[in-house]
Structure formats: structure tokens, C-alpha cells
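When the letters of the sequence shown are read in order and numbered with my numbering, they come out as residues 229 to 466. All residues carry an ideal CB built from backbone N, CA and C; glycine is no exception.
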Amino acid sequence: MKFFLVITFLFFTGSLIGWGIELIFRRFFSKNNPERKWINPGFLTGPYLPLYGFSLVILFLLSYIDVSFISNPHLQKAVLFALMALCITFFEFIAGMIFIVGMKIRLWDYSKNWGNIKGIVCPQFTFYWWLLSAIYYFLIHPKILEWLFWFTNHIEFSFVVGFFYGLLCADLTYSLHIMTRIRRFARENKVIVQLAELQQNIRLKNEENKEKLHFWLTMKSEKIPLLEYLRENMIKQF
Numbered sequence: 229m230k231f232f233l234v235i236t237f238l239f240f241t242g243s244l245i246g247w248g249i250e251l252i253f254r255r256f257f258s259k260n261n262p263e264r265k266w267i268n269p270g271f272l273t274g275p276y277l278p279l280y281g282f283s284l285v286i287l288f289l290l291s292y293i294d295v296s297f298i299s300n301p302h303l304q305k306a307v308l309f310a311l312m313a314l315c316i317t318f319f320e321f322i323a324g325m326i327f328i329v330g331m332k333i334r335l336w337d338y339s340k341n342w343g344n345i346k347g348i349v350c351p352q353f354t355f356y357w358w359l360l361s362a363i364y365y366f367l368i369h370p371k372i373l374e375w376l377f378w379f380t381n382h383i384e385f386s387f388v389v390g391f392f393y394g395l396l397c398a399d400l401t402y403s404l405h406i407m408t409r410i411r412r413f414a415r416e417n418k419v420i421v422q423l424a425e426l427q428q429n430i431r432l433k434n435e436e437n438k439e440k441l442h443f444w445l446t447m448k449s450e451k452i453p454l455l456e457y458l459r460e461n462m463i464k465q466f
């Protein structure tokens, strides 16, 4: 029971932190956001990214791997961080493939990056995961242990975590309904929908039509139906 609570807390924490990281990245560094606007990342509406939640769980579990068979302490850490980065990259690849094959949606696109595999993973972002693994191990992991100690001694906070999962489930239901509509269109037209491009197109059209911009509801438009945006995106791809 205690282990289950720890995992749920880690997923909760990682999903929120990851959303913050992606929010900042897309605001200041993303090539898909030349206007440098605040963009809600991911396919869900709320402030959480499950990929980062799972990644934090992976980092936490792997941090306990014994690499003492390597005599050099610096090499120990380098190997551990490489293992962390590779495991997360593998998980990222599986998640990306599930959406591409199952939902006909590409959540992110690394196809222009050197050494990419199916545009889902690439050496550049694996290196970023390596750096994040080092940052996690030295700076975040000690804090995580403190948070977990506090959490297990303040079990009433589990209601907050439970509320988070309630919102997440409702969000998944809403978002998967939209994804199902996109998948139906993609299968009929034999295309893979680029989610970031679709969201950007909707945002730009909303601005052009002087519609209210929906930070949380990135697929919402008052005047133009989703199907029309999907057709426009398909034309751009070809």
C-alpha cells in the first residue's frame, strides 16, 4: 500500500513538473511557436503531462540501481545517467508509437533531427534526458525523498493526489473523445496528424477571426469545425 502511494505521488509530481518544463520550452525555444506565446503543451487540457510522470517514476526506481562494480565514481554516475536516459528514451519511443499506430496522431516530431528513429526519438533529446537525469539525481532526488517522507506522514494529502487523478481521468475522457474524431479522419484519409501543427493552426485562425483564445482547450474553435482544420492540415502535409 505504501509503495502504491509513493508511485502515485511520484507520477502526480512528475506530471506537474514536466508540464511546467514543456510550457517554458514551448514559450521560449520551440520552433513551432515563432510568435513566442504561452501554449498549453500536450494533448490533455490540464496542467500535467503523463509522459513526465512516468519518467519521474523511472528515474526514481533506477536511482537505486547498484553500479558499485564500476570502480571509478565519476564513471558510475555517467553509466547510471546513461541508463536512465536510455530507459526514458525507450519509453518515449513506445508512447510515441502507440499514438502513431493506434491513434494516427504524432504528438511530437523529431524527423528533422539527426539520427532520429521514426521521428519519435533522436540522440539530441536522449542527451537532454541524460542531462535531466543528472539534474534529477543531484538536485531533485534528495528533495523527492523529503517530499515522500512528508507525504507518508501526512496521509491526508492523499486526498489532493486523489483529486488530481479524478481530474486526470475526466480530462482523459474528454481528450480521447477528440482524439477518436481525429483518428477517424486520419484513417479515412490515410494520414498521420501532426498534433502541434494542428493546434498551431487552430490558434492562428482563432486570432485571425478575433475569437477568444483558449489556453487550456487548444482544439477549440467557435467558428470553424475541427474537421475543416484537419483538412487544411492534410493539404499542408502534401
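Q) Straight-line CA distance for G390 to F232? A) As a working note, residue 390 is residue 162 in the sequence shown. As a working note, residue 232 is residue 4 in the sequence shown. Near 12 angstroms, if we compare the C-alpha coordinates of F232 and G390.
Q. Can you tell which of T317, Y280, F256 and G347 has its C-alpha closest to the C-alpha of T241?
A. Residue numbering aside, residue 241 sits at position 13 when the sequence shown is read from its first letter. Ranking T317, Y280, F256 and G347 by Cα distance to T241 puts Y280 first.
Q. Between the Cα of T273 and the Cα atoms of C397, F239, I326 and F355, which residue gives the shortest distance?
A. The count along the sequence shown starts at 1 and reaches residue 273 at position 45. Nearest option by C-alpha distance: C397.
Q.
Quick check on the burial criterion: 16 or more other C-beta atoms within 10 angstroms. Buried or exposed for N461?
A. Start at 1 with the first residue of the sequence shown, and residue 461 comes out as number 233. With a 10 Å radius around the Cβ and a threshold of 16 neighbouring Cβ atoms, N461 comes out buried.
Q: Look up R411 in the DSSP assignment and give the residues it is bridged to.
A: In the sequence shown, the residue the question calls residue 411 occupies position 183. BP columns for R411 are empty, so no partner.
Q) If we call anything under 8 angstroms between Cβ atoms a contact, is R334 one with I326? A) By one-based count along the sequence shown, residue 334 stands at place 106. By one-based count along the sequence shown, residue 326 stands at place 98. For R334 and I326, no; Cβs fall outside 8 angstroms.
Q. Alpha carbon to alpha carbon, how far is I293 from C315?
A. Working through the sequence shown from its first residue, we reach residue 293 at position 65. Working through the sequence shown from its first residue, we reach residue 315 at position 87. Answer to the nearest angstrom: the Cα atoms are 13 angstroms apart.
Q) Is it buried or exposed for G246, if we count other Cβ within 10 angstroms and need 16 for buried? A) For the purposes of this step, residue 246 is taken as residue 18 along the sequence shown, with counting starting at 1. Buried, since its Cβ has 16 or more Cβ neighbours within 10 Å.
Q.
Starting from T317, trace the alpha helix (DSSP H) in both directions and tell me its first and last residue.
A. Walking along the sequence shown from the start, residue 317 turns up at place 89. Taken as a continuous stretch (DSSP letters only), the alpha helix (DSSP H) holding T317 covers P301 to M325.
Q. Hey, would you say A310 sits closer than 8 angstroms to W266, going by beta carbons?
A. Within the sequence shown, the letter at position 82 stands for residue 310. Within the sequence shown, the letter at position 38 stands for residue 266. Result no, Cβ atoms of A310 and W266 do not sit closer than 8 angstroms.
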